[in-house]
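J.: Could you have a look at this structure, given as structure tokens, before my questions?
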Amino acid sequence: MRDHEIIELYWARNESAIAATAEKYGSYCHMIAYNILRNKEDAEECSNDTYLGAWNSIPPQRPNRLSIYLGKITRNLALNRYKRYTAEKRGHGQVVLALSELEACVPSETTVEQTVEENELAAAIDRFLYAKPKLNRNIFVRRYYHLYAIRDIADAYGMSESKVTSLLFRMRNELRRFLEKEGIML
Numbered sequence: 138m139r140d141h142e143i144i145e146l147y148w149a150r151n152e153s154a155i156a157a158t159a160e161k162y163g164s165y166c167h168m169i170a171y172n173i174l175r176n177k178e179d180a181e182e183c184s185n186d187t188y189l190g191a192w193n194s195i196p197p198q199r200p201n202r203l204s205i206y207l208g209k210i211t212r213n214l215a216l217n218r219y220k221r222y223t224a225e226k227r228g229h230g231q232v233v234l235a236l237s238e239l240e241a242c243v244p245s246e247t248t249v250e251q252t253v254e255e256n257e258l259a260a261a262i263d264r265f266l267y268a269k270p271k272l273n274r275n276i277f278v279r280r281y282y283h284l285y286a287i288r289d290i291a292d293a294y295g296m297s298e299s300k301v302t303s304l305l306f307r308m309r310n311e312l313r314r315f316l317e318k319e320g321i322m323l
């Protein structure tokens, strides 16, 4: 079933929208949640919560790309769950590790002023990424958005872990320089 057909099912409040979403995007949502939580049962629960989140938000939302919309819901649910688990000393550190790698090139403290500037930062990062070759962009997004482990990225692209690590290091340095040129203070 095509995305626009699934979205129309949501707008019609037809419960088969959930089944269609699970069939088409279930493994995608599960993968995002699993990369953050590293627990199969918790990832499955986040996937199911994603369908509920989509049901509750469509309508009024009408996403242009259903995969991105569902991925964002899943990621936010998984990160919230991870934060709860981190307080309980559960988790395997991929989130902390990936985010710590970005600390040097993305502002870290959130103030009212920075909250206002978040859209500018997101737009600048988008411009930076879309100027990069597709492979580099995909690796960067897998690491810092989907929170894949270096090993999993290397396996997915048939690269060595050291090559992936080196590519990400160079891209973080380029991002830092790009953001400085854009006038975004680090």
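For reference, each letter of the sequence shown is one residue, going 138 to 323 in the numbering used here. Cβ coordinates follow ideal geometry from the N, Cα and C atoms, glycine included.
Taking buried to mean at least 16 other C-beta atoms within 10 Å of its own C-beta, is HIS283 buried or exposed?
T.: The residue in question, HIS283, is buried, as its Cβ has 16 or more Cβ neighbours within 10 Å.
J.: Skipping 5 residues on each side, what residues in its chain have a beta carbon closer than 7 Å to that of ASP289?
T.: Cβ neighbours of ASP289 beyond the five flanking positions: none.
J.: Assign PHE306 to one of three DSSP states: helix, strand, or coil.
T.: Here PHE306 sits in helix by DSSP.
J.: How do the stretch 195-211 and the stretch 151-170 stand: do at least 3 beta-carbon pairs fall below 8 Å, yes or no?
T.: Yes: at least three Cβ pairs fall under 8 Å.
J.: Between GLY228 and ASN217, what straight-line distance do the alpha-carbon atoms span, to the nearest angstrom?
T.: For GLY228, the predicted model reports a pLDDT of 45, less than 50, meaning its position is unreliable; a value from the coordinates is still stated below. Rounded to whole angstroms, GLY228 to ASN217 spans 12 Å at the Cα level.
J.: Would you tell me roughly how many angstroms separate the C-alpha atoms of ALA154 and ASP179, rounded to the nearest one?
T.: Distance between the alpha carbons of ALA154 and ASP179: 23 Å.
J.: Taking just the CA atoms, how far does TYR188 sit from LEU146?
T.: So the alpha carbons of these two residues sit roughly 13 Å apart.
J.: Please state if the CB of ARG280 and the CB of VAL301 are separated by a distance shorter than 9 Å.
T.: Yes; because the gap between Cβ atoms is below 9 Å, this pair is in contact.
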